[in-house]
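In the numbering used here, the protein residues as written are 711 to 907.
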């Protein structure tokens, strides 16, 4: 969402020199450095081959491996996370990935005497929420609107709107609402300064 052109076109407009106008522009200038940093992070990954929508927000990401294996959709927020890009990681739209999450797309075959390297993609569907310090293991598919609780270790697929927690991650009895319309990027101060004022 931090694309400058998007924010400028969709900015909140107030009467010139009014209190609201001055307050909005003060917030915009105050949060501008963070907005610039997030745009630079996204641009660096894209230059290295990643496919990241310009409306996605990228925190301080460690991305080891082939950057071409990373795809992130619109209005997705990625905090301070680590990607192991031995295989594809595809993250949909309106996804929230909190700080400390680790995505692993490769491991070793414990049954192989030569301990061969095995890899498998990770797919995260729209509106999923991956909470702080979770670990997503190779081959996992996380469904639309699913929630992965803080510190969970996910080794199996998570269905649409399911909530999982624990190590290993277990499905909780309750499900998330299926009517999801939020944009996790809209909660960031730098974006709110432009869109709300």
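We put the beta carbon where it would ideally sit given N, CA and C, even for glycine.
I'd like to check one pair, residue 783 with residue 807: are the Cβ atoms closer than 8 Å?
In this structure, residue 783 does not lie closer than 8 Å to residue 807 by Cβ.
In or out: residue 680 buried (at least 16 other Cβ within 10 Å) or exposed?
The question about residue 680 has no answer here: the residues shown for the chain are numbered 711 through 907.
So, with DSSP's three-state summary, where would you put residue 755?
Helix, per DSSP.
So if DSSP puts residue 771 in a beta bridge, which residue, or which two residues, is it bridged to?
Partner(s): none; residue 771 has no beta bridge.
Use the C-beta contact count for residue 685: other C-beta atoms within 10 angstroms, 16 or more gives buried, fewer gives exposed.
This structure gives no information on residue 685, because the portion of the chain shown stretches from 711 to 907.
In this structure, does DSSP put residue 906 in helix, strand or coil?
Three-state result, residue 906: coil.
Assess contact between the region 838 to 846 and the region 804 to 820, defined as three or more Cβ pairs (one per stretch) separated by less than 8 Å. Is contact present?
A contact exists between the region 838 to 846 and the region 804 to 820.
I need the DSSP call for residue 735, collapsed to helix, strand or coil.
Note: residue 735 maps to helix in three-state DSSP.
Just grab the DSSP bridge partners of residue 806 for me.
Paired residue(s): 787, 839.
Is the region 816 to 836 in contact with the region 791 to 800, if contact means three or more CB pairs nearer than 8 Å?
With a cut-off of 8 Å, the region 791 to 800 and the region 816 to 836 count as touching, because enough Cβ pairs lie within range.
Output the distance between the C-alpha atoms of residue 741 and residue 827, rounded to the nearest integer angstrom.
Each residue's Cα considered, the two are about 44 Å apart.
How big is the Cα-Cα spacing for residue 760 and residue 728?
So the two alpha carbons sit approximately 42 Å from each other.
Can you tell me whether residue 802 is buried or exposed? The criterion is at least 16 other CB atoms within 10 Å of its CB, across all chains shown.
With 16 or more other Cβ atoms within 10 Å, it is buried.
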